[in-house]
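Step one of this worksheet: look at the structure below.
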Amino acid sequence: MLKILKLAARNLTRYGRRTALTASLIVIGVVAVLLFVAVTGSFKTMMVGQITDSFLGHLQIHRKGYVAAIDTLPLNLNMPPPLVAKVEDALKAAPEVAAWSARIKVGAMFSNFTETTSIRINGVDPDREAATEPLFAGRVQNRTHDGPLLARGEILVPVLLATGFKVKPGDTVVVVATNRDGSVNGKTFTVRDTLESATGPGGRDGYIHIDDARELLRIETPEVSEIAVRLHDLARTGTVVARLETAFASVLNQQDKPALEVHGWQKLSPFASIANMIDLMTVLIKIVLVAIVLVSVMNVMVMAVYERVREIGTIAAIGTPPRRILALFLSEGLLLAVVATLAGVVASIAAVFALNAADITYTFGQQQDIVLVARLSARDIATVSAVVIAIAVLATLQPAWKAARMDPITALRHV
Amino acid sequence: MALIEAVQVSKNYRAGSVDVPAVRSVDFSIEPGAFVAFVGPSGSGKSTLLNMIGGLDRPSSGRLTVLGTDVATLDRTAAAAFRGANLGFIFQDFNLIPVLTVFENIEYPLLMVLDWPLEKRHAQVRAMLDAVGMADQAGKRPDQLSGGQKQRVAVARALVANAKLVLADEPTANLDHDSAYRVLALMKKMRDELGTTFVFSTHDPKIMNEAEITFTLEDGRLTQNANHGGAHA
């Protein structure tokens, strides 16, 4: 095999300019794909991280039917204490789970005693919420206190609402909500801080302590609307969702249907579509790369066979077995692809290094000056390299086969 | 036993719906160690006959035996193996591989066809380079050689695998007079030293006189032979 590769290498140098041109096309293709994968991968990771680490969690557990009716934040679909206990037992048993935060969610009215508007109240345990959503604290604007993000009797007010109502930390506001029985209850809160939305302008999510939420709604048992869960590894979301679904399959409601439902972040956020779009674009650009490699390698190998017809006739006449002629031309395509891919990978790593050294920043939602951290994984490099090399060999197959099957007499007569 | 034996060998080519005869019912035999020329004008069937002897083409009818093997029975792979093990070829245009040096061109059949081990291979190539007087040109590429030198390399390549039979199609057609005679002298010398049978084609009357045996072809028919021993028609 080595001798065939050596001869193949010699043959590639025969038309140096053409080989170099084809190799450069492959290099450009590889660099384009790997850079795209590195940058979009970084953006996707950041975007998903912002969403899951700011408010969503990696997965959430609700009572059956809650997510379908989530716009109305139905209190009658809160999880009662026995269900909560079952969920917590399952979460404690799952080694992938890093933290979880139980929440009570309710639609309410917010008043500064002069004006009133609607607000979506999230009752949370501040410590658990901070552990489950590590970026939650970063959403607090101009934080005025150290320690826990929230104490009993305090509220974190969405920034636009605070601006519109001219509410500032230390002011007193009133939150009014209707409980499950239909009675209207109100409670005064001190504004602790203002809170940015995780995903951009707007957002009407305010946060109070979970015990205050229960008091506001006159809930006497520790029921919750949802449990947000953080995993040690985001990539394990699908596996953990499946495992929890299996674990909860035996927890039935009065209709003998599963009482709980588990959703990964992808099912809960429209940003999952953007992530999917990024994946789709990556696939598309890989297809473009495949086309570049296929066309350029096939072109160069077809020309190589065409220009060496008499030589093929000569080596066939002196007894070179057809399979060895096939191997010779396949080796040329393989070698060209391997060398060009290696060069492309080296250039891509250098480009990623340069990109990261340039400290490029961008804005996502309310998060500004996010530094672009392009990353190339060994898996991405291996996948792209394998695809390029396989396609190059595939593109060489037809001309190589033609060379191997060439009639020596016809080939020797070729002018 | 004859090295080559042809009995009523014919070859027709199809041109559209018409069969065009290239070789018509030729009979001949060639003994080992002979120095034979097929002569005749262009289109007389010389090259076709050489191609059939070399297993590159098959007779349409008749029986053609080379080294005891009926070449018509060999498939593509078997024919390649037969040629690699027994035959050497010299071409009118030299047909050296341009990216390989003189040494590597001569080495090619041992390396890519017969898989000889390195030391044995190199010793054999060096011996051939000495024999054809090209040892001092071993590192050159074909485009750095004269026509005569290229054909010397081609002779060495044809003989390097200890071929029993060397087929040369118009080996002197692209050489000047002096070079042509030197190449023929080399072929004869190699025949004398190695006992290899040489069969070549030519339409040059001066060159054909160098052969010890000549077969004359006209319109695919064997019309006459000048037999000085070693071949029978």
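Residue numbers (my numbering), protein chains in the order written: chain A, 130 to 544; chain B, 427 to 659. Backbone N, C-alpha and C define an ideal beta-carbon position, used for all residues, glycine too. Given the structure is predicted, the values throughout are model-derived calculations rather than measurements.
What is the DSSP secondary structure of Ala432 (chain B), reduced to helix, strand or coil? strand
How would you list, in chain order, the residues of chain A whose beta-carbon sits under 9 Å from the beta-carbon of Pro447 (chain B)? Going along chain A, no residue has its Cβ under 9 Å from Pro447 (chain B), so there is no contact; the nearest lies around 17 Å.
Since Ile407 (chain A) meets chain B, which of its residues come closer than 9 Å, beta carbon to beta carbon? By Cβ distance, chain B contributes nothing, its closest Cβ being about 46 Å from Ile407 (chain A), past 9 Å.
Enumerate, from N- to C-terminal direction, the unbroken alpha helix (DSSP H) stretches of 4 or more residues contained entirely within the stretch 134-195 of chain A. 145-180
Helix, strand or coil for Leu537 (chain B)? Go by DSSP, reduced to three states. helix
For Asp334 (chain A), which beta-bridge partners are listed by DSSP? A:Arg249
Where the beta strand (DSSP E) through Glu390 (chain A) begins and ends: Leu389 to Gly393
Is the separation between the beta-carbon of Gly565 (chain B) and that of Leu601 (chain B) shorter than 8 Å? no
Partners in chain A for Leu537 (chain B), counting only beta-carbon separations shorter than 8 Å: Lys132
Quick check: the Cα distance between Val625 (chain B) and Pro631 (chain B), rounded to an integer number of angstroms? Val625 (chain B) and Pro631 (chain B): Cα-Cα distance of roughly 16 Å.
Listing by chain order, which chain E residues have their CB less than 9 Å from the CB of Ala441 (chain B)? Judged by its chain identifiers, the structure shown contains no chain E, and its protein chains are A and B.
Using beta-carbon positions only, say whether Lys193 (chain A) and Asn382 (chain A) come within less than 8 Å of one another. yes
Count the other CB atoms within 10 Å of the CB of Ile489 (chain A); is the residue buried (16 or more) or exposed (fewer)? The residue is exposed, with fewer than 16 neighbouring Cβ atoms inside 10 Å.
In angstroms with no decimal places, state the Cα-to-Cα distance between Leu536 (chain B) and Glu619 (chain B). Leu536 (chain B) and Glu619 (chain B): Cα-Cα distance of roughly 20 Å.
Proximity to Val296 (chain A) [Cα-Cα], best of A:Thr243, A:Tyr144, A:Asp310 and A:Ala138: A:Thr243
Nearest CA to the CA of Val474 (chain A): which residue from A:Thr512, A:Thr492, A:Val305 and A:Leu150? A:Thr512
Which residues in chain B sit within 8 Å of Pro537 (chain A), going by Cβ to Cβ distance? Leu482
Pick from B:Ile479, B:Ala506, B:Lys576 and B:Asp483: whose alpha carbon is nearest that of Leu493 (chain B)? B:Ile479
Using only alpha-carbon positions, find the residue among B:Gln577, B:Val444 and B:Phe454 that is nearest to Val433 (chain B). Looking at the Cα atoms, B:Phe454 is the closest of the given residues.
Ala342 (chain A) to Ala357 (chain A) span [Cα, whole Å]: 17 Å
Pair within 8 Å by beta-carbon distance, Ala231 (chain A) and Ile339 (chain A): yes
Cα-Cα, which of A:Ala519, A:Asn140, A:Leu363 and A:Gln395 is closest to Ala466 (chain A)? A:Ala519
Can you give the beta carbon distance from Ala446 (chain A) to Pro537 (chain A), rounded, assuming they're within the 8 Å contact cut? 5 Å
Tell me Leu593 (chain B)'s beta-bridge partners as DSSP assigns them. Beta-bridge partners of Leu593 (chain B) (DSSP): B:Phe515 and B:Val625.
Our contact map puts Thr598 (chain B) next to Thr628 (chain B) with C-beta atoms below 8 Å; I'd like the distance itself, whole angstroms only. 7 Å
Cutoff 8 Å: Arg578 (chain B) Cβ touching any chain A Cβ: no
CA-to-CA distance, Thr503 (chain B) to Asn140 (chain A), given in whole angstroms: 24 Å
Going along chain A in order, which residues have a C-beta closer than 7 Å to the C-beta of Arg502 (chain B)? Pro451
What residue range is occupied by the uninterrupted beta strand (DSSP E) comprising Leu346 (chain A)? Element bounds for Leu346 (chain A): n/a, residue is neither H nor E.
Throw me the rounded Cβ distance for the Lys173 (chain A) and Ala404 (chain A) pair, which I believe falls under 8 Å. Right, their Cβ atoms sit about 5 Å apart.
For Ser572 (chain B), the three-state DSSP class (helix, strand or coil): coil
Could you name the residues of chain A that Leu526 (chain B) contacts, counting a contact when the two beta carbons are closer than 9 Å? Leu136 and Arg139
Under DSSP, the alpha helix (DSSP H) around Phe482 (chain A) begins and ends at which residues? Start and end: Pro451 to Ala486.
Anything in the stretch 571-603 of chain B with a Cβ closer than 7 Å to a Cβ of chain A? List those residues in chain order, please. none
Arg608 (chain B) versus B:Phe529, B:Ile430 and B:Glu636, residue with shortest Cα-Cα distance: B:Glu636
When the cut-off is 8 Å and only beta carbons count, does Thr443 (chain A) lie next to chain B? yes
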